[in-house]
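Here is the structure we will look at, set down as structure tokens.
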Amino acid sequence: MGTLDGRVVLVTGAARGQGEQEARLFAAEGAKVVLADVLDEQGGAVAKELGPGVARYVHLDVGEEADWPAAVAAAKEAFGALDGLVNNAGILRRNLLVDTPPQEFTEVCRVNQLGTFLGMRAVAPELAAAGGGTIVNVSSYAALAGLASLTSYAASKAAVLAMTRVAALELAAEGIRVNAVCPGGVDTPMIDAERAAALHRKLVPMGRIGRPEEVARTVLYLTAEDSSYVTGQHVVVDGGWLAGMPLPVDTRRSPSS
Ligand code: NAD
Numbered sequence: 004m005g006t007l008d009g010r011v012v013l014v015t016g017a018a019r020g021q022g023e024q025e026a027r028l029f030a031a032e033g034a035k036v037v038l039a040d041v042l043d044e045q046g047g048a049v050a051k052e053l054g055p056g057v058a059r060y061v062h063l064d065v066g067e068e069a070d071w072p073a074a075v076a077a078a079k080e081a082f083g084a085l086d087g088l089v090n091n092a093g094i095l096r097r098n099l100l101v102d103t104p105p106q107e108f109t110e111v112c113r114v115n116q117l118g119t120f121l122g123m124r125a126v127a128p129e130l131a132a133a134g135g136g137t138i139v140n141v142s143s144y145a146a147l148a149g150l151a152s153l154t155s156y157a158a159s160k161a162a163v164l165a166m167t168r169v170a171a172l173e174l175a176a177e178g179i180r181v182n183a184v185c186p187g188g189v190d191t192p193m194i195d196a197e198r199a200a201a202l203h204r205k206l207v208p209m210g211r212i213g214r215p216e217e218v219a220r221t222v223l224y225l226t227a228e229d230s231s232y233v234t235g236q237h238v239v240v241d242g243g244w245l246a247g248m249p250l251p252v253d254t255r256r257s258p259s260s
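My numbering numbers the first residue of the sequence shown as 4 and each following residue consecutively.
Spelled out as structure tokens, the structure:
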């Protein structure tokens, strides 16, 4: 018995990285998975490996309104219904605030923010028709603490958290739970893994960068019945980065004690 037996979940950005791990884990937990991405060759190969009875790949640019009805139709055609969505697709651009071209800001918000909005908007009626379901939106620790050079990314990911709360309120009566996950640094093609690994050894209490499977397991929790009374929340998966300021440990007793 898997925790997602009988479920049909669409995962965006599923060709690689965290989305790929979510698709693989969900399939292992009994779900039928629709993998959506713009990297057709990679996404198609993952779906093929999982098998036609379990997974289907669809081309979906999440920021393109017209792509969503086709992706939803493909899910229903393949598996009869749709009762889960993971809005995982995202892009990152680094630039100082004063150097960020407005087009770059707009490009990041188109995928991360508009893409999440369009996904919830297109899929929520299907989840309601299926008698309820789950949406998990992938935000970031950048939505919760300032990180230099990430103005556009942080803005888009903060918007994802804000929309998650509003959607949770509006959709609760339909039996739809909406939550978010805020990963810290995760070892995927999105980031420079070598530089990030060195940085994380120094800065993160757990002394290492995160693995995509670790985020996938949190997304699984928010999709499965284990989180049946959780909605409108975000879960931080960051090895302790946001827990506080890492200072050298001082083991001396204070003079007054
Ligand atoms: P990744 O770059 O490996 O994967 C992102 C996926 O999204 C890719 O497959 C890409 O093709 C797809 N994608 C990009 N634009 C798309 C579009 N317009 N339509 C559909 N698919 C599109 O990176 P990842 O780390 O796996 O990222 C997954 C999510 O996690 C993203 O939302 C990202 O912002 C978030 N995140 C990542 C980190 C990190 O350190 N890696 C940290 C916090 C949050």
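All residues carry an ideal CB built from backbone N, CA and C; glycine is no exception. Keep in mind it's a predicted model, so treat the numbers as computed, not measured.
Quiz prompt | GLN21 beta carbon less than 8 Å from that of ALA219 | solution = yes
Quiz item: Would the stretch 165 to 185 and the stretch 196 to 213 be scored as touching if the rule is three or more Cβ pairs under 8 Å?
Solution: no
Self-check item: Same chain, Cβ closer than 7 Å to GLY16, five either side skipped, listed in chain order
Solution: GLY22, ASP40, ASN91, ALA92 and GLY93
Quiz item: Per DSSP, what kind of secondary structure is ASN115 in: helix, strand or coil?
Solution: helix
Quiz item: Nearest CA to the CA of GLY136: which residue from LEU53, ALA165 and THR234?
Solution: THR234
Practice problem: Give a yes or no on whether the C-beta atoms belonging to LEU38 and TRP71 are separated by under 8 Å. | Solution: no
Exercise. Provide the residue span of the beta strand (DSSP E) that contains PRO55, from first to last.
Key: First-last for PRO55: undefined, no H or E at that position.
Quiz item: According to DSSP, which residues form a beta bridge with VAL184?
Solution: VAL141 and VAL238
Quiz item: Does ligand 3 have a heavy atom nearer than 7 Å to the CB of MET193?
Solution: For ligand 3, the structure offers nothing, since it holds only ligand 1.
Quiz item: Relative to ligand 1, is the shortest distance from any of its heavy atoms to the C-beta of GLN106 smaller than 7 Å?
Solution: no
Quiz item: Is there at least one non-hydrogen atom of ligand 1 closer than 7 Å to the beta-carbon of ASP40?
Solution: yes
Quiz item: Unbroken beta strand (DSSP E) runs of length 3 or more, entirely within the stretch 38 to 122: which are they?
Solution: 58 to 62 and 87 to 90
Quiz item: Taking DSSP as the reference, what is the three-state secondary structure of GLY9?
Solution: coil
Quiz item: Could you give the C-beta distance for HIS237 and ALA183, rounded to a whole number, given that I count them as a contact under 8 Å?
Solution: 4 Å
Quiz item: Since LYS160 sits in a beta bridge, which residues does DSSP pair it with?
Solution: BP columns for LYS160 are empty, so no partner.
Quiz prompt | Which residues DSSP lists as bridging ILE179, in chain order | solution = GLY136
Quiz item: Relative to the alpha-carbon of PRO215, which residue among PRO208, SER159 and PRO186 has its alpha-carbon at the smallest distance?
Solution: PRO186
Quiz item: Tell me, which residues are paired with VAL189 by DSSP?
Solution: Its beta-bridge partners are GLY213.
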